[in-house]
Amino acid sequence: MANIISSDFFRLRKGKTIKGVLIGIICVLLVTAVLLKVFSSDWFLDRMINTSTGTSGFGISMELDESDLQDLEQLQVFEVHDGTEYMASMMSESAELLLVLILPFIIAVFGGDYASGAFRNLLSYHSKRKNIYIAKLLTTSIVAVLLTIAFEVLSWLTGTVFFGFGNSIGLRLVNMLPGTLLMLPRIIDFISIGQGVIAFTKKTGTTIAIYLIGMICWALVIQVVAMFFPGVSWIMNLDLTTMLGLIFDYTSLSLQSILTPTIFSIIIIAVTTIAGM
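Numbers 10 to 286, taken from my numbering, label the letters of the sequence shown in order.
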């Protein structure tokens, strides 16, 4: 099993997946930081609202009432003061991006073996299917942990460049650590789902479609059920896509909102892993 994991990491280092994903993360972080910088600037607010006339500052002749002015002034909620605030904002508001970023690694580590026929070669060396499956799952899970850390570090660096260093960074990072740890089971359960789908379909294209569409549809189904049946509002905790970001801000959640998705994630990991093996 250790040899399989080592071999997969070697292939990832030599491949283009890591570089491509990191470039994608940096682009998203830079664009987001620029937009936040603009939205939180006095220039933008002055251009959006001419408070003396109540009209748009971009030359739009439309009259703005008191409600419109209040809505536009709320754009200042985007204001970020330092790098750690930017990192926390990205982790809580854009955590779903991690689920998309981990998909190329699922395909590279496990899906590529089916596409290239390497899976048959592994079995020919008397490796048990279960051991291979677990090794691949562990490899991608380790990558997910490293990817999450990289996302946080790059977010902090980008935020520091655009918004400043800030104070008490050590204390803030320590407070964010539990939120990061709580996110990991939710990320790993998507890895186990993706790998399980590959095990059944043996096709990377089909897996990508099922993974992305399933992620969106599951969230919609949960939200629709909660909307039509208010008595089971707790079911929103099973929307693991949305909860991924919410769980990072764990201090604002109840114990039930923390435990329910965590237990659900563990069940998903167990069921999909057993089925995949």
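Ideal Cβ placement from N, Cα and C applies to all residues, glycine included.
For residue i, the nearest candidate out of the options (CA to CA)
{"i": "F171", "options": "E94, F238, R181", "result": "E94"}
{"i": "I35", "options": "M96, I13, A11, V47", "result": "M96"}
{"i": "A42", "options": "G240, L262, M99", "result": "M99"}
{"i": "F199", "options": "D91, L108, L45", "result": "L108"}
{"i": "L45", "options": "E102, G285, S16, I275", "result": "E102"}
{"i": "L253", "options": "D17, S261, R195", "result": "R195"}
{"i": "V40", "options": "S164, A144, L229, N140", "result": "S164"}
{"i": "L112", "options": "S201, Y123, I178, I32", "result": "S201"}
{"i": "I217", "options": "I158, V30, R22, I116", "result": "I116"}
{"i": "S288", "options": "G29, H90, V152", "result": "For the chain, the structure presents residues 10 to 286; residue 288 sits outside this window and is missing."}
{"i": "D175", "options": "Y259, G92, T282", "result": "Sequence check: residue 175 is Gly here, not Asp. Comparing Cα positions, the closest option is G92."}
{"i": "I13", "options": "K137, V47, L182, A104", "result": "K137"}
DSSP three-state assignment for residue i, whether helix, strand or coil
{"i": "F209", "result": "helix"}
{"i": "G173", "result": "coil"}
{"i": "I272", "result": "helix"}
{"i": "G121", "result": "helix"}
{"i": "D198", "result": "helix"}
{"i": "I13", "result": "helix"}
{"i": "V183", "result": "helix"}
{"i": "M286", "result": "coil"}
{"i": "F238", "result": "coil"}
{"i": "I111", "result": "coil"}
{"i": "G33", "result": "helix"}
{"i": "I217", "result": "helix"}
{"i": "T64", "result": "For T64, the predicted model reports a pLDDT of 49, less than 50, meaning its position is unreliable; a value from the coordinates is still stated below. Correct three-state label for T64: strand."}
{"i": "I69", "result": "Only weak support is given to the placement of I69: the predicted model assigns it a pLDDT of 47, under 50, and the value that follows is read from those uncertain coordinates. If DSSP states are grouped into helix, strand and coil, I69 belongs with coil."}
{"i": "A104", "result": "coil"}
{"i": "G92", "result": "helix"}
{"i": "F18", "result": "helix"}
Expected contact under 8 angstroms - CB spacing of residue i and residue j to nearest Å
{"i": "L191", "j": "I267", "result": "7 angstroms"}
{"i": "G121", "j": "Q204", "result": "In fact, because the Cβ distance is near 12 angstroms, the residues do not count as touching under 8 angstroms."}
{"i": "V154", "j": "L106", "result": "Their Cβ separation, rounded to whole angstroms, is 16 angstroms, which puts V154 and L106 out of contact at 8 angstroms."}
{"i": "F114", "j": "T26", "result": "6 angstroms"}
{"i": "V89", "j": "S150", "result": "In fact, because the Cβ distance is near 31 angstroms, the residues do not count as touching under 8 angstroms."}
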